[in-house]
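Report on the structure given below.
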Ligand code: PGA
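Numbering (this note's numbering), first residue to last: 379 to 634.
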């Protein structure tokens, strides 16, 4: 791997109330050796647990992410949370364009684009998710879909520093299903995304951008996946809800 510092991010989805949040974070901190030293560790709790998580991670290397963001800063947008609000509560990162949001909540490439723009504007690091469905893979459309998501998601945007931008390749058919992309399939998709990013934002930027793999990552497959040349870490759903598994992925996947 190049000098890209690996990232392991836990996407908690709609799991963990405040008590569960406290317990899980304490377990991660107590059992994680040299946490954050050679690998960035991020957790993205549900909004109601972020304040509690922010308190628990004080003086630890764990960073906080939101699972979603709205593109306006404030106003009559019932149910939404803005970039300044995420910043204020202690988030440094925000997951944008997760396939569950695209699938169940009407997220489109256009709204993803506005959200990434807002994250950049407010100094939040977007974790920009892309991935093909099973049908799209089976009908040979994987690369077309990835390219379209990438180009539309980043339309008219630019990030100055590659450390402030993260992408995630998450094949929809591998999320929460127990099926993972093979390391070769994942590597192929990551290399493709990096090449396409280079066409947009230049070779140097693309070479320094972390691209995470997501989809049924477990301690047992983390090494093979994250060990691939263009895979710079993982976006972990189910296995991030258990401290031992989450730490196991960090250890196996990044060697620390
Ligand atoms: P999973 O989820 O690890 O449970 O497959 C990954 C994700 O959706 O980010």
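Built from N, CA and C at the ideal position, the CB exists for glycine as well.
Practice item. Ignoring anything shorter than 3 residues or poking outside the segment 472-552, list the beta strand (DSSP E) runs there in chain order. Key: Positions of the beta strand (DSSP E) runs, each at least 3 residues long and wholly inside the segment 472-552, are given as 503-508 and 544-547 in order along the chain.
Check your understanding: Count the other CB atoms within 10 Å of the CB of residue 505; is the residue buried (16 or more) or exposed (fewer)?
Key -> It counts as buried.
Review point. Count the other CB atoms within 10 Å of the CB of residue 493; is the residue buried (16 or more) or exposed (fewer)?
Key: Looking at its Cβ environment, which holds 16 or more other Cβ atoms inside 10 Å, residue 493 is buried.
Point to revise | Same chain, Cβ closer than 7 Å to residue 543, five either side skipped, listed in chain order | key: Excluding sequence neighbours, residue 543 sits near 503, 504, 537 and 587.
Practice item. Return helix, strand or coil for residue 389, following the three-state DSSP convention. Key: Reduced to three states, the DSSP call for residue 389 is strand.
Review point. In the DSSP assignment, what residue or residues form a beta bridge with residue 404?
Key: For residue 404, DSSP records no beta bridge to any residue.
Practice item. Give the range of the beta strand (DSSP E) segment to which residue 588 is assigned. Key: Note, residue 588: beta strand (DSSP E), 588-592.
**Study point:** Segment contact, 8 Å Cβ cut-off, at least three pairs: the segment 462-475 with the segment 512-520
**Key:** Verdict: no, contact absent.
Check your understanding: Just checking, does the segment 436-449 make contact with the segment 521-534 on the three C-beta pairs under 8 Å criterion?
Key -> No, because fewer than three Cβ pairs between the segment 436-449 and the segment 521-534 fall closer than 8 Å, the two stretches do not touch.
Check your understanding: Candidates 393, 428 and 439: which alpha carbon is nearest residue 412's?
Key -> The residue with the shortest Cα to Cα distance from residue 412 is 439.
Practice item. Quick one: grab the DSSP three-state call for residue 614. Key: Secondary structure of residue 614 (DSSP, three-state): strand.
**Study point:** Same chain only: Cβ atoms within 6 Å of residue 424, ignoring 5 sequence neighbours per side
**Key:** So the qualifying residues of the chain are 392.
Point to revise | Unbroken beta strand (DSSP E) run spanning residue 444, endpoints | key: According to the DSSP assignment, residue 444 belongs to the beta strand (DSSP E) that extends over 440-444.
Practice item. Tell me whether residue 408 is buried or exposed, calling it buried when 16 or more other Cβ atoms sit within 10 Å of its Cβ. Key: In the assembly as shown, residue 408 is an exposed residue. Its beta-carbon has fewer than 16 other beta-carbons within 10 Å.
Review point. Residue 421 lies in the beta strand (DSSP E); which residues open and close that run?
Key: Counting along the chain, the beta strand (DSSP E) containing residue 421 begins and ends at 418-422.
Point to revise | Residue environment, residue 554, which counts as buried when at least 16 other CB atoms sit within 10 Å | key: With fewer than 16 other Cβ atoms within 10 Å, it is exposed.
Check your understanding: So the alpha helix (DSSP H) residue 461 belongs to, where does it begin and stop?
Key -> Residue 461 -> alpha helix (DSSP H) spans 461-467.
Review point. Are residue 547 and residue 571 closer than 8 Å when you measure CB to CB?
Key: Yes; because the gap between Cβ atoms is below 8 Å, this pair is in contact.
**Study point:** Rounded C-alpha distance that separates residue 619 from residue 453
**Key:** Take the alpha-carbon of residue 619 and the one of residue 453: they are about 33 Å apart.
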